[in-house]
Ligand SMILES: [Zn+2]
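Residue numbers (this note's numbering): 9 to 404.
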């Protein structure tokens, strides 16, 4: 509970009082009730602006985290694209090497074929006579065999070379085809990665825009918060100056208890007061959900407290624990008759002891702020049989 809220809770009914009580106002004519309503509204604004600013700050933090993650994803994707590019380049180099190899093999093959043709041509052309002789009929059988075998073996050797080169060339062509497939796959992968990166960049741009907007909203709520706080400080000080006048007991509005007479049940008001800060059933900082058991009558510390009616002092107590007053603090109970008792709490000092007979209007003690109290006031209760009742029903 802030001091301001406590002050607001202590005040709420000041201006719902009967006509007898004057309306207190600041120098500019603003009434305490108006100030109090303004304070309640400003406090609501402060709470809402603060919550909204905190919500926006949380959103901004979450967005920043999301952007960081997207940036990491972009970096990873870029590294993948680069690595894919490297692989593509290697593959291209491999294909080129194989193509060069194939060309070389092709040239070798062509050369071999040329050689073969040439060799055979030379053989047939240069050994013209012999050949003719051979074809017509060799001079000797051994000579014929020798020539034929030589030619056959040469042809076989050349055919073997050609076959070898062709096999190699086919293997290289297969390898080139494999590499081309791999190249195509890599290119497709690279396009996918590029598209993914574009998507990520798009996401980041959107998140960036959202973050900027969120931060602007946060700043706006923070401005609203500061403005509301500033206004609230002004309202607080206006209320404080009015309260100071009231509690000084010297203002124009002190209600003299004795001037209000005696009620049909023989009771008078228990003290001179400036205003009633909390009514029966109302809320206080210590009892925020209502159910206040009496009237809180505000005046300065030391204001005399009167026996509200004739009776006997039945209790004089101090609610104190470890040196600290709590709840009623110092209090007195008077038994008036079989039907009514009255209770006076938060006293500064007490003039009676249990068993004392008192007359209506006798001073029994002085106003204070002991126990659960935020400033000098009398907490006044009337008990009818064994229940607390609204004192206004029995006071004049
Ligand atoms: Zn009270």
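A virtual CB, placed ideally from N, CA and C, is assigned to each residue, including glycine.
Item	Value
DSSP-derived helix/strand/coil call for residue 391	strand
Nearest-angstrom Cα separation, counted from residue 124 out to residue 158	13 Å
Cβ-Cβ distance between residue 347 and residue 314 below 8 Å	no
Simplified DSSP state of residue 288, which is helix, strand or coil	coil
At least three beta-carbon pairs within less than 8 Å, the stretch 41-51 to the stretch 201-216	no
Where the beta strand (DSSP E) through residue 353 begins and ends	348-353
Classification of residue 389 by the beta-carbon crowding that lies within 10 angstroms, buried from 16 upward	buried
7 Å Cβ shell around residue 229 - same chain, five flanking residues per side excluded	57, 60, 61, 64
Close beta carbons around residue 116, own chain, < 7 Å, minus the five adjacent residues each side	173
Any non-hydrogen atom of ligand 1 closer than 7 Å to residue 292 Cβ	yes
Segment contact, 8 Å Cβ cut-off, at least three pairs: the stretch 261-279 with the stretch 289-300	no
Backbone CA spacing between residue 94 and residue 101 [nearest angstrom]	11 Å
Close-in-space but distant-in-sequence residues of the same chain around residue 109 (CB under 7 Å, 5 per side omitted)	180
The beta strand (DSSP E) enclosing residue 368, as first and last residue numbers	First-last for residue 368: undefined, no H or E at that position.
Cβ pair residue 233, residue 342 closer than 8 Å	no
For residue 143, three-class secondary structure by DSSP	Only weak support exists for where residue 143 lies, its pLDDT of 49 falling under 50; the value from the coordinates is given anyway. Here residue 143 sits in helix by DSSP.
Straight-line gap, residue 319 to residue 278 (C-alpha atoms, nearest Å)	14 Å
Own chain residues within Cβ distance below 7 Å of residue 411, not counting five before or after	Since the first residue shown for the chain is 9 and the last is 404, residue 411 is missing from the structure and cannot be characterised.
Under 8 Å between C-beta atoms of residue 391 and residue 359	no
Contact check, residue 383 vs residue 337, beta carbons under 8 Å	no
Candidates 75, 361, 276: closest to residue 220 by CA position	75
Beta-carbon proximity check, residue 373 vs residue 276, cutoff 8 Å	no
heavy atom of ligand 1 below 7 Å from residue 298 C-beta	no
Enclosing beta strand (DSSP E) for residue 324 [first to last residue]	319-329
Close Cβ partners of residue 11 (< 8 Å) along its chain, the five nearest in sequence each way excluded	Its pLDDT being 48, under 50, residue 11 is placed unreliably by the model, and the measurement read from it follows with that caveat. Nothing meets the Cβ criterion.
Contacts around residue 72, its chain only, beta-carbon distance under 8 Å, and the 5 residues preceding and following it disregarded	219
Under 8 Å between C-beta atoms of residue 375 and residue 323	no
Heavy atoms of ligand 1 versus C-beta positions, residues under 5 Å	304, 387
Residue 279 (DSSP reduced to helix, strand or coil)	strand
DSSP state of residue 159 mapped onto helix, strand, coil	helix
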